[in-house]
Structure formats: C-alpha cells, structure tokens
Amino acid sequence: MYAQLRETAAELAGVLWREHTVYRERGGGVVIRGEHVRRWISLAPTGGKDRALLRAGRILDGGTTAPARTEVVVDLTAPVAELAATCRRMLAEVAAAADGSADPGPSRAGRPGKARKAPKAPKAPKAPKARAARTGGSRHTGAGSWVVLVLVGVAVAAWAYTLFGGPGY
31 MYAQLRETAA ELAGVLWREH TVYRERGGGV VIRGEHVRRW ISLAPTGGKD
81 RALLRAGRIL DGGTTAPART EVVVDLTAPV AELAATCRRM LAEVAAAADG
131 SADPGPSRAG RPGKARKAPK APKAPKAPKA RAARTGGSRH TGAGSWVVLV
181 LVGVAVAAWA YTLFGGPGY
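Position 89 of the sequence shown, counting from 1, maps to 119 under this note's numbering, and the rest follow consecutively.
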C-alpha cells in the first residue's frame with residue numbers, strides 16, 4: 031500500500047506544485063509539503079483496498095504543520111487529474127480558513143456513511159467572568175506543610191550528625 035501511496039503522491043505533487051517535498055510520515059502515509067504556498071497534503075491508508083484518506087492543512091511559522099483542516103476518503107485508482115481537483119478544493123478551504131473566515135472545522139465531505147453538516151454560526155464572545163474572591167486559604171505554604179518540612183529537616187540533621195559528628199561507636 032505504501033508503494034501505491036508514494037507513487038500517487040509523487041504524481042499528485044508534480045501536478046499541484048512546482049516546488050514540493052514528498053516524505054513518509056510515522057503512520058505509514060505520505061505527505062506532500064508545498065513550502066512556497068505554506069500548505070501540506072497527506073495520503074494515509076484507510077484499510078480499504080485502493081482507498082486513502084486525503085487530508086490538507088497549513089504549514090505554520092517555523093515549519094511545523096497545523097492539524098488537518100479538511101479530510102476526504104479518495105479512490106487511488108481515479109485519474110490523477112481528478113485527485114488534483116479534489117486537492118485544489120481542499121486547499122482552497124484551508125486557505126479560506128487561514129484568511130479568517132468562519133471556522134467550519136474538518137470537512138467530512140466524501141466520507142462514506144457520514145452526512146455533511148452545515149457549519150455553525152460563530153458564537154458571540156462571552157463577557158469575562160468576575161474572578162471569585164478566595165475565602166480562607168491562600169496560595170502560600172500552609173502550616174501543615176511547614177511542619178512536614180521541619181520534620182524532614184530534623185531527620186536529615188539527625189542522620190548527618192550520626193554519620194559525621196556522632197559519638198563514634
């Protein structure tokens with residue numbers, strides 16, 4: 031399966047971007063990075079024959095990758111042009127989310143057995159809650175903790191006295 035993913039990813043990368051890097055990820059999938067457009071696409075095995083999970087996301091400052099913004103299950107036997115069209119649509123969704131549009135979360139388009147839900151309207155910002163006043167207690171070390179610290183100190187001192195300066199039995 032990895033050989034098929036790698037071959038498909040290499041063809042797809044050539045169609046999508048002039049500058050790209052294709053590498054294997056830990057989970058057995060393949061990642062295509064387009065540093066110049068600050069986007070990534072991954073193809074991961076789904077367990078089904080000739081099917082892969084196609085995910086897309088952004089590349090953050092410093093080169094780390096943000097979590098996937100969209101994901102779709104695709105047929106690897108489909109023509110590369112069809113896969114490239116799917117990738118371009120997903121990359122457009124990622125770009126729209128990066129530009130500050132409403133955040134619909136990961137897309138479930140194309141996943142078998144799952145209905146696509148309409149994105150929720152953004153919630154109004156909540157007013158900051160008043161900080162509850164502390165009743166009793168504080169953040170400082172309590173009396174019980176001081177007693178434990180003193181007892182530990184006494185035990186260490188007694189051990190050191192018997193070891194180094196005790197009555198030499």
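No residue lacks a Cβ here, since even glycine has one placed at the ideal position from N, Cα and C.
Under three-state DSSP, which class holds residue 138? For this step, residue 138 is matched to residue 108 along the sequence shown. Because residue 138 sits at a pLDDT of 47, beneath the cut-off of 50, its placement in the model cannot be relied upon, and the following sentence gives the value as read from the coordinates. Here residue 138 sits in coil by DSSP.
What are the boundary residues of the alpha helix (DSSP H) that residue 176 is part of? Counting from one through the sequence shown, the residue named residue 176 turns up at place 146. Unbroken alpha helix (DSSP H) run through residue 176: 173 to 190.
In whole angstroms, give me the CA-to-CA distance for residue 37 and residue 129. Residue mapping note: residue 37 aligns to position 7 of the sequence shown, counting from 1. Residue mapping note: residue 129 aligns to position 99 of the sequence shown, counting from 1. Straight-line Cα distance between these residues: approximately 32 Å.
Whole angstroms are fine: how far does the CA of residue 107 sit from the CA of residue 84? Here residue 84 is taken as the residue at index 54 of the sequence shown, counted from 1. Here residue 107 is taken as the residue at index 77 of the sequence shown, counted from 1. Their Cα atoms are separated by approximately 14 Å.
Drop a sphere of 10 angstroms on the beta-carbon of residue 179, count the other beta-carbons inside from all chains shown, and report buried for 16 or more, exposed for fewer. Looking up residue 179 in the sequence shown gives position 149. When all chains shown are included, residue 179 counts as exposed.
Among 98, 102, 189 and 50, which has the Cα closest to the Cα of residue 125? Taking the first residue of the sequence shown as 1, we reach residue 125 at position 95. When each option's Cα is compared against that of residue 125, the closest is 98.
Alpha carbon to alpha carbon, how far is residue 195 from residue 56? As a working note, residue 195 is residue 165 in the sequence shown. As a working note, residue 56 is residue 26 in the sequence shown. Their backbone Cα atoms lie some 59 Å apart in a straight line.
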